[in-house]
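Trainee: Those sequence lines, one after another, are chains X and A. With the numbering used here applied, the first sequence covers 3 to 264. With the numbering used here applied, the second sequence covers 166 to 415. Could you have a look at this structure, given as structure tokens, before my questions?
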Amino acid sequence: MTHPMRTGARLELKDVTKTYTGHGADKHVLDHISCIVEPGEFLSIVGPSGVGKTTLLRLLTGLTPVTSGEILLDGKKVTSPPEDLAIVLQEYTRSLMPWLTVEKNIELPLKLKKIAKDERGERVQSAIIEVGLEGNGSRYPWQLSGGMQQRVAIARALASRPRILVMDEPFASVDAQTRLDLEDLVLKVRDDFGITTLLVTHDMDEAVYLADRVLVLTGKPAHVAAEIAVPLVYPRDQVETRAHPDFGHLRGEIYQLIRGKR
Amino acid sequence: MRFANPKNWLWLISLGGSILIWQLVSVNLNDRPFPSASKISNALWAMLQTGEFWGDLGVTFLIAMVGLIIGIVLAVPLGLLVGLNEFAFRSTKFILDFLKVIPPIVVLPLVLLMFGTTIKFSITLVVFGVLFSVIVQATYGVRDTDPVLLDTLSAFNASKYARLKYAVLPSALPFIATGTKIATSAAVIVSIVTGLVGSGPGLGHSLSVAETGGNFPNVYAYVVVLGVVGILVNMLVSAIDKRIIFWRGK
Ligand SMILES: Nc1ncnc2c1ncn2[C@@H]1O[C@H](COP(=O)(O)OP(=O)(O)OP(=O)(O)O)[C@@H](O)[C@H]1O
Ligand SMILES: [Mg+2]
């Protein structure tokens, strides 16, 4: 299998503010968020529930408009869903079409992009292999376990060959072992393709384990409480990395930030 | 094994029991309005030999199916349009719910005046009986589309048309199928009623003629036929539904 080498996209958030209007009182959710994510970087985003993590992802995927500020992907302003970006939504089980097989689900975005049939087939197969779903292509999502469904959602995101992958609490509702497997899968994907990766999680261990850098959001409205670099070496290992003294230190720091400023 | 499980042939026992009780009771009653089960079955057997019966059955079936198809063909696009448009949905909701519960028999005299006791009259009435429940179901189906699916497609830069094709329509399909199931029963009933009450062609009319003529064994024979037709049609529709909407409830 060949992985055409791609480089990740560079993402820049400039003073991004979001206020939801309509349906009663206005809700000021995000306040002057600025951040730069370098090509190929892995950024975890953590923060208490309801702080605005999903909102932030929706803004940078162009699904929801910003109130003020700018989001730039490779220097280009994001106003609608960018070609080079793929997202795995928080409700991933609901994001799969129950009337389509695994293969057809993965193929759908390629069809929408009007990619030729042969090429679509190739990409679907390599995405299925990448996430370890060999032999499940003709099954339906509801015939799969939660962890496997999540793999389908990831495969679907990968098939469109994005340069930036954005995931919203992707492992929140799978069992512990599956979660570790999926974490390592995401790291492998980043390694294989060099894509820029953003992952929202409420699990501080997970945030540190995966990322080059952790963005901590706190407050109402939310602001960037800290950007914490994670100096742990890659490839990471579920046992060794987590046992590293720096690991405990970093997660403690993040915990303090979130608990202290809630 | 299917037959090893008593649950699977319970219906047969209860059916046999009912016929037996009918037979026992009817032989002790006035024979005129309560013919015995054996008399009814003889009448039924004789009826099945006549071309007239099969003609009637065919006409009744034709009326139901043509009315059903016209009704669905009209109702589905209407329902989809109404469901897609918030304004249309809000402004028609009350009227649709209102029309849905009006039995077609209410408008029967009106349609009868328009078309006389023709097959057109019967079909029009069936369409009326089918239309609103399917429109309403299609509307709800559209509105039941999971916003997560729509977001997913939007994130892939899907056009409005693509969102309709890949999310809205498949989401509405189970609802349309349910509406069709309800409508199919309605279509069969209405096609009989048009003959029974409005003297339109078909089994209903023959039944009413048998009743007026005091031929009670035939009346009951028709009732048995109608029941069997109803069951068969329902089974057929359920089987089709299961095949097409295989993801229902998933
Ligand atoms: N469409 C909307 N209109 C109005 N308010 C909204 C909307 N979407 C989200 N909010 C509000 O914005 C705030 C942030 O929501 P968001 O979903 O971004 O939080 P989150 O950090 O992702 O939470 P969680 O960890 O529970 O997923 C919440 O108070 C929420 O009620
Ligand atoms: Mg969220």
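Note that CB positions come from ideal geometry on N, CA and C, so glycine has one too. Only a predicted model underlies this, so the values are computations on that prediction, with no experimental measurement involved.
(1) Would you kindly report the start and end of the unbroken alpha helix (DSSP H) that includes X/Asp207?
(2) Please find out if some non-hydrogen atom of ligand 2 comes closer than 8 Å to the beta-carbon of X/Glu171.
(3) Give the range of the alpha helix (DSSP H) segment to which A/Asp406 is assigned.
(4) Check whether chain A comes within 9 Å of X/Met3, counting only Cβ atoms and requiring the distance to be less than that.
(5) Any heavy atom of ligand 1 closer than 8 Å to the Cβ of X/Val216?
(6) Please indicate yes or no: does the CB of X/Tyr94 lie closer than 8 Å to some heavy atom of ligand 1?
(7) Kindly indicate the opening and closing residues of the beta strand (DSSP E) around X/Tyr22.
(8) With respect to the beta strand (DSSP E) encompassing X/Ser46, which residues constitute its N-terminal and C-terminal limits?
(9) Shorter than 9 Å from the beta carbon of X/Ala114 to some beta carbon of chain A?
(10) In chain order, what residues place their C-beta within less than 5 Å of a heavy atom belonging to ligand 1?
(11) Exposed or buried, X/Ile197, counting other C-beta atoms within 10 Å across all chains shown (16 or more means buried)?
(12) Taking just the CA atoms, how far does X/Leu182 sit from X/Met169?
(13) If you measure beta-carbon to beta-carbon, which residues of the segment 90 to 109 of chain X are closer than 8 Å to chain A?
(14) Would you check if the segment 274 to 283 of chain A and the segment 319 to 326 of chain A touch, i.e. whether three or more CB-CB distances between them fall below 8 Å?
(15) Rounded to a whole number of angstroms, what is the C-alpha to C-alpha distance between X/Gly54 and X/Leu91?
(16) Taking the alpha carbon of A/Leu180 as the point to measure from, which residue in A/Val299, A/Ser287, A/Leu222, A/Val393 has its own alpha carbon closest?
(17) Within the present structure, is the beta-carbon of A/Val313 separated from the nearest heavy atom of ligand 2 by less than 8 Å?
(18) Going by DSSP, which residues form a beta bridge with A/Ala240?
(19) Report buried or exposed for X/Lys78, applying the criterion of at least 16 other Cβ atoms within 10 angstroms of its Cβ.
(20) So, helix, strand or coil for X/Leu167, using DSSP?
(21) I'd like to know whether the C-beta of X/Ala11 is nearer than 9 Å to at least one C-beta of chain A.
(22) Is X/Val168 close to ligand 2? I mean its beta-carbon at under 8 Å from any heavy atom of the ligand.
(23) Starting from the C-beta of A/Ile347, find all residues in its chain whose C-beta is less than 7 Å away, skip the five residues before and the five after it, and write them out in chain order.
(24) Going by C-alpha distance, which of A/Trp210, A/Val192, A/Ala208, A/Gly248 is nearest A/Ala337?
(25) Of the residues X/Gly24, X/Pro233, X/Gly52, X/Asp17, which one's Cα is nearest the Cα of X/Ser36?
(26) Since X/Leu114 and X/Asn107 should fall inside the 8 Å C-beta cutoff, what is the C-beta to C-beta distance between them, to a whole number of angstroms?
(27) Between A/Trp187 and the rest of its own chain, which residues show a CB-CB distance below 8 Å, the 5 nearest in sequence each way excluded?
(28) For X/Glu109, count the other beta carbons within 10 Å of its own beta carbon; 16 or more makes it buried, fewer makes it exposed. Which is it?
Mentor: On the basis of the coordinates in this document:
(1) 206 to 212
(2) yes
(3) 381 to 409
(4) For X/Met3, the pLDDT reaches just 38, beneath the cut-off of 50, and the residue's location in the model is therefore unreliable, leaving the point undetermined.
(5) no
(6) no
(7) 13 to 22
(8) 44 to 48
(9) Note on residue identity: the sequence assigns Leu, not Ala, to residue 114 of chain X. For X/Leu114, the answer is yes, since a Cβ of chain A falls inside 9 Å of its Cβ.
(10) X/Tyr22, X/Lys29, X/Val31, X/Ser51, X/Gly52, X/Val53, X/Gly54, X/Lys55, X/Thr56, X/Thr57
(11) buried
(12) 16 Å
(13) Leu91, Glu93, Arg96, Ser97, Met99, Pro100, Trp101
(14) no
(15) 14 Å
(16) A/Val393
(17) no
(18) DSSP lists no partner for A/Ala240.
(19) exposed
(20) strand
(21) no
(22) no
(23) Ser298
(24) A/Gly248
(25) X/Asp17
(26) 12 Å between Cβ atoms; not a contact.
(27) Ser201, Ala202
(28) buried
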